[in-house]
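A short worksheet on the structure shown next.
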């Protein structure tokens with residue numbers, strides 16, 4: 003369960019990074 007939760011969290015972080023990059027234009 004912990005491993006699945008960590009993978010899901012990692013996917014969310016990746017999505018946030020992409021969104022933030024698009025907002026900042028970086």
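In our numbering, the protein residues as written are 3 to 28.
All C-beta atoms in this analysis are idealised placements derived from N, C-alpha and C, irrespective of residue type, glycine included.
Could you tell me the alpha carbon to alpha carbon distance between residue i and residue j, rounded to whole angstroms?
| i | j | result |
| --- | --- | --- |
| residue 27 | residue 4 | 34 Å |
| residue 21 | residue 15 | 10 Å |
| residue 25 | residue 11 | 21 Å |
| residue 13 | residue 23 | 15 Å |
| residue 19 | residue 6 | 20 Å |
Which two residues bound the contiguous alpha helix (DSSP H) that contains residue i?
| i | result |
| --- | --- |
| residue 3 | Counting along the chain, residue 3 falls outside any alpha helix (DSSP H), and DSSP gives it neither H nor E. |
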